[in-house]
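Residue numbers (our numbering): 6 to 146.
Now the structure itself:
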């Protein structure tokens with residue numbers, strides 16, 4: 006079985022690239038700050054998974070708990086959830102190592118963590134930070 010790993014661009018550039026063969030992984034960019042020209046087959050951008058403005062405004066006005074709830078609600082929308090199911094299916098059925106990636110500044114919104122919580126809750130699939138994955142990659146996969 007594959008694995009889903011989350012990290013920001015700082016961790017990716019400072020640690021991940023130095024310790025891994027990047028071609029062994031599939032990358033899902035969930036970022037407004039990181040772009041791709043889609044010239045690599047193992048890199049896909051899914052900007053639809055970025056929290057909508059309405060969820061971000063919940064964070065600013067009501068706090069993290071309200072933001073988290075609004076974003077989880079957004080993720081459960083069938084059109085959005087379809088993208089998450091593709092990620093999970095790719096990891097499980099195709100035994101892929103998938104890295105969810107956002108920029109360092111976007112990481113403060115913790116949306117990759119929330120997506121991973123959603124995956125764990127809905128699909129019962131354990132997800133990992135890069136640190137957790139690095140400690141025991143065989144167990145993670």
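Glycine is no exception: its CB is placed at the ideal position from the N, C-alpha and C atoms.
Here the structure is a predicted model, which is why all the values come from computation and not from measurement.
What first and last residue would you give for the beta strand (DSSP E) that runs through residue i?
| i | result |
| --- | --- |
| residue 49 | 48-50 |
| residue 106 | 102-107 |
Run the CB neighbour count on residue i, radius 10 Å, all protein chains shown included, and call it buried at 16 or more, exposed below.
| i | result |
| --- | --- |
| residue 14 | buried |
| residue 58 | exposed |
| residue 27 | exposed |
| residue 132 | buried |
| residue 64 | buried |
| residue 83 | exposed |
| residue 24 | exposed |
| residue 18 | exposed |
With a CB to CB cut of under 8 Å and the five nearest residues on each side skipped, what residues in its chain are close to residue i?
| i | result |
| --- | --- |
| residue 88 | 51, 53 and 54 |
| residue 85 | 53, 54 and 79 |
| residue 124 | 9, 89, 92, 93, 130 and 132 |
What residue range is occupied by the uninterrupted alpha helix (DSSP H) comprising residue i?
| i | result |
| --- | --- |
| residue 39 | Neither: residue 39 is in no alpha helix (DSSP H) and is coded neither H nor E. |
| residue 98 | 83-98 |
| residue 177 | In the structure as shown, the chain starts at 6 and stops at 146, and residue 177 therefore has no counterpart that could be examined. |
| residue 67 | 58-67 |
What is the DSSP secondary structure of residue i, reduced to helix, strand or coil?
| i | result |
| --- | --- |
| residue 10 | strand |
| residue 134 | strand |
Can you find the residues in the same chain that come closer than 7 Å, C-beta to C-beta, to residue i, ignoring five residues on each side of it along the sequence?
| i | result |
| --- | --- |
| residue 60 | 72, 75, 76 and 79 |
| residue 11 | 105, 117, 118, 121, 132 and 134 |
Which residues in the same chain have their Cβ closer than 6 Å to the Cβ of residue i, if we skip the five residues on either side of it in sequence?
| i | result |
| --- | --- |
| residue 109 | 13, 14 and 15 |
| residue 107 | 13, 35, 36 and 117 |
>> For the stretch 75-84 against the stretch 39-48, do three or more pairs of beta-carbon atoms, one drawn from each stretch, fall closer than 8 Å, so that the two count as touching?
In response: The stretch 75-84, when compared against the stretch 39-48, does not touch it at the 8 Å Cβ threshold.
>> Does the contact criterion of 3 or more C-beta pairs under 8 Å hold for the stretch 20-31 versus the stretch 115-124?
In response: Taking 8 Å as the limit for Cβ pairs, the verdict is that the stretch 115-124 does not touch the stretch 20-31.
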